[in-house]
Amino acid sequence: TSGSNEPELVADRRNIPATSQKLAPSKLSSARNVQLGLLFGSRFTQSVTRMAIGPLLVSIAEEMGCEPHERGALLSAYSLGYLLTQIGGGKLAESLGSDRVLLLSTVAGAICTALSGNARSVRALWW
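Structure below.
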């Protein structure tokens, strides 16, 4: 404005990061709903699997002929998985972005879960 000592602010979309630009509300909400749905499904599946391993261990041990120390190793595998992936996953999320890490980890978890059904021994469950 003329006569004012304050500088005039001009919005220039080229200088605004892509993540800061406004998306249409319908696109933003549907993308978030899909992402939240996938995250919920992934966490739900992981929780059910983690809670089910204890009761299922009796059948697994019987079918595979597990020794007592192997049963303990199977129960410890979940804790070991969390230990090995928490820090690394955070670092990857910082460098690659959380969306990509979430997608990659969900796909990798699904593949490993599907392959575990084909395991014929306790050793095969580890590798």
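Just so we're aligned, residue 1082 is where the sequence shown starts under the working numbering, counting upward by one. Ideal placement from N, C-alpha and C gives every residue a C-beta, glycine not left out.
Euclidean distance between Cα positions of residue i and residue j
{"i": "residue 1185", "j": "residue 1150", "result": "32 angstroms"}
{"i": "residue 1117", "j": "residue 1123", "result": "10 angstroms"}
{"i": "residue 1165", "j": "residue 1110", "result": "33 angstroms"}
{"i": "residue 1161", "j": "residue 1177", "result": "24 angstroms"}
{"i": "residue 1174", "j": "residue 1115", "result": "19 angstroms"}
{"i": "residue 1194", "j": "residue 1129", "result": "12 angstroms"}
{"i": "residue 1135", "j": "residue 1163", "result": "17 angstroms"}
{"i": "residue 1139", "j": "residue 1152", "result": "9 angstroms"}
C-beta contact flag for residue i and residue j at 9 angstroms
{"i": "residue 1155", "j": "residue 1147", "result": "yes"}
{"i": "residue 1145", "j": "residue 1203", "result": "yes"}
Where residue i sits in the DSSP three-state scheme
{"i": "residue 1091", "result": "The pLDDT assigned to residue 1091 is 48, lower than 50, so where the model puts this residue is not dependable, and the model offers no usable value."}
{"i": "residue 1131", "result": "helix"}
{"i": "residue 1193", "result": "helix"}
{"i": "residue 1202", "result": "coil"}
{"i": "residue 1148", "result": "coil"}
{"i": "residue 1170", "result": "helix"}
{"i": "residue 1162", "result": "helix"}
{"i": "residue 1153", "result": "helix"}
{"i": "residue 1082", "result": "Its pLDDT being 49, under 50, residue 1082 is placed unreliably by the model, and the measurement read from it follows with that caveat. In this structure, residue 1082 counts as coil in the three-state DSSP scheme."}
{"i": "residue 1178", "result": "coil"}
{"i": "residue 1207", "result": "helix"}
Nearest candidate by alpha-carbon position, reference residue i, set the options
{"i": "residue 1127", "options": "1110, 1191, 1206 and 1170", "result": "1191"}
Same chain, Cβ closer than 8 angstroms to residue i, five either side skipped, listed in chain order
{"i": "residue 1113", "result": "none"}
{"i": "residue 1120", "result": "1183"}
{"i": "residue 1170", "result": "1182 and 1186"}
{"i": "residue 1131", "result": "1159"}
{"i": "residue 1206", "result": "1155, 1158, 1197 and 1200"}
{"i": "residue 1125", "result": "none"}
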